[in-house]
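Peer 1: Numbering-wise, this note's numbering comes out as the position in the sequence shown, counting from 1, plus 868. In this text, a Cβ means the ideal position worked out from N, Cα and C, and glycines have one as well. Structure provided below as structure tokens; questions to follow.
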Amino acid sequence: MSYSLRGIELRYVLAMQLAVHGPATITELTEALDWHGFCVRARPSKVISDALRWEIERGRVTRLGRGRYGPGYMPRGTEHRIHQRVLTLREAAASVVAMRRAID
């Protein structure tokens with residue numbers, strides 16, 4: 869089981885993933901979430917595209933084509949805040965995964 873993301877947490881993780889690793893498809897973003905120990909509750913493609921739409925409106929993500937997104941402009945202060953939040957979320961996800969493995 870993974871750490872479930874939604875709302876601002878999901879948007880921050882996706883925006884940071886694109887900022888650090890560059891353009892990606894919805895499938896690649898879903899795989900990246902899974903690799904970091906995150907999940908989304910509903911249909912991943914829909915949830916991720918909805919979250920990215922919010923970030924596109926703020927300019928932090930750009931839409932490169934159907935199902936393909938890239939990084940946009942992010943002020944340094946915003947990037948720092950998002951990066952710190954994502955690191956905290958990754959630690960929480962790692963502890964959830966470790967606890968579940970210990971139980972099993």
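What do you get for Val954, buried or exposed, if any count of 16 or more other CB atoms within 10 angstroms of its CB means buried?
Peer 2: Answer is buried; the Cβ neighbour count reaches 16.
Peer 1: Quick check on the burial criterion: 16 or more other C-beta atoms within 10 angstroms. Buried or exposed for Tyr937?
Peer 2: Burial call: buried.
Peer 1: Could you tell me if Tyr880 is buried or exposed, where buried requires 16 or more neighbouring beta carbons within 10 angstroms of its beta carbon?
Peer 2: With 16 or more Cβ atoms within 10 Å of its Cβ, Tyr880 is classed as buried.
Peer 1: Do Val929 and Ala883 count as a contact pair if the criterion is CB distance below 8 Å?
Peer 2: Against a cut-off of 8 Å, the Cβ pair of Val929 and Ala883 comes out as a contact.
Peer 1: Using a threshold of 8 Å, state whether the C-beta atoms of Ala887 and Met942 are closer than that.
Peer 2: Closer than 8 Å, so yes.
Peer 1: What is the DSSP secondary structure of Tyr880, reduced to helix, strand or coil?
Peer 2: Tyr880 falls in the helix class under three-state DSSP.
Peer 1: Here's the rule I'm using: 16 or more other beta-carbon atoms within 10 Å means buried, otherwise exposed. How should Leu920 be labelled?
Peer 2: With 16 or more Cβ atoms within 10 Å of its Cβ, Leu920 is classed as buried.
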